[in-house]
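Asks: To start, I am sharing the structure in question, which I have written as structure tokens.
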Amino acid sequence: MKSLLLILAATIFIAAVVYTRPTRAAAPAATAETLKQLEAEFMQATAQKGSQGYMSYYADDAVEIPNEYPAIQGKVEIAKTMGFLDDKNNRLTWTPVGADISSSGDLGYTWGTFEFHSKDKSGNRTTDYGKYTSIWKLQKDGAWKVVLDMGNSSPKK
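Position 23 of the sequence shown, counting from 1, maps to 448 under the working numbering, and the rest follow consecutively.
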């Protein structure tokens, strides 16, 4: 009889803990629009904080595949090449055109066009045009980060 009372008391205790614990609403599933919004925030962070803002959207194990250069692996190594974003004469803007998310909801991509405005060695304004693809991955902390980014040049508009 004592063991039955002990089991009953334990069951009531466990039920009380489980049912009185505050529940947290599940985060809404990400969509292609979620990634497009992240792209807008990513570009805003770059405009405001230069390379630091840009790199804040990269995962530690990210890979950058720049046009006409070898791939760069790791956020630390990629950051070493992004100092041009800190030059006030330079401005990188981009526009996502398309996006999609995997059915598992933890991997997605964006693609679009970019413009890079700078000054050449003579001080003349120049603009380079191109296309990009970014692959985004949901991190363990719930943040979406770029795990692979690539871009290439396009002819002038």
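Glycine is no exception: its CB is placed at the ideal position from the N, C-alpha and C atoms.
Can you tell me which of 548, 466, 519, 544 puts its alpha carbon nearest to the alpha carbon of residue 482?
Replies: Residue 466 is the option with its Cα nearest to residue 482.
Asks: Given this structure, state the Cα-to-Cα distance separating residue 520 from residue 542, to the nearest angstrom.
Replies: Straight-line Cα distance between these residues: approximately 14 angstroms.
Asks: For the alpha helix (DSSP H) holding residue 529, just list the boundary residues, first then last.
Replies: First-last for residue 529: undefined, no H or E at that position.
Asks: Checking contacts by CB at 8 angstroms: is residue 571 closer than that to chain D?
Replies: Included in the structure is just one protein chain, with no chain D present.
Asks: Flag this pair as yes or no: are the beta carbons of residue 545 and residue 552 separated by less than 8 angstroms?
Replies: Taking 8 angstroms as the Cβ cut-off, residue 545 and residue 552 do not qualify as a contacting pair.
Asks: Determine which residues share a DSSP beta bridge with residue 508 and list them.
Replies: According to DSSP, residue 508 bridges with nothing at all.
Asks: I believe residue 488 touches residue 563 by the beta-carbon criterion, under 8 angstroms. Please report the beta-carbon distance rounded to the nearest angstrom.
Replies: 17 angstroms between Cβ atoms; not a contact.
Asks: Quick check on this structure: which residue in 457, 540, 568 has the alpha carbon closest to the alpha carbon of residue 510?
Replies: For residue 510, the nearest C-alpha among the options comes from 540.
Asks: From residue 477 to residue 528, what distance separates their C-alpha atoms?
Replies: The straight-line gap from Cα to Cα measures roughly 32 angstroms.
Asks: Looking only at its own chain, which residues have a Cβ that is under 7 angstroms from the Cβ of residue 577, when we skip the five neighbours before and after it?
Replies: 492, 555, 556, listed in sequence order.
Asks: Tell me the residue span of the alpha helix (DSSP H) that contains residue 493.
Replies: Counting along the chain, residue 493 falls outside any alpha helix (DSSP H), and DSSP gives it neither H nor E.
Asks: Just to confirm the assignment: which complete beta strand (DSSP E) runs, minimum length 3, are found wholly within the region 550-579?
Replies: If we require 3 residues or more, the beta strand (DSSP E) runs fully inside the region 550-579 come out as 550-563, 569-579.
Asks: Find out if the Cβ-Cβ distance for the pair residue 526, residue 457 is shorter than 8 angstroms.
Replies: Yes, the pair counts as a contact, with Cβ atoms nearer than the cut-off.
Asks: Taking just the CA atoms, how far does residue 581 sit from residue 485?
Replies: C-alpha separation (whole angstroms): 34 angstroms.
Asks: Can you grab the Cα-Cα spacing for the pair residue 560 / residue 531, in whole Å?
Replies: If I take the Cα positions, the gap works out to 11 angstroms.
Asks: How many whole angstroms separate the CB atoms of residue 460 and residue 524, which I take to be in contact at a CB cut-off of 8 angstroms?
Replies: Their Cβ separation, rounded to whole angstroms, is 4 angstroms, which keeps residue 460 and residue 524 in contact under 8 angstroms.
Asks: Alpha carbon to alpha carbon, how far is residue 522 from residue 537?
Replies: Spanning the two alpha carbons is a distance of roughly 5 angstroms.
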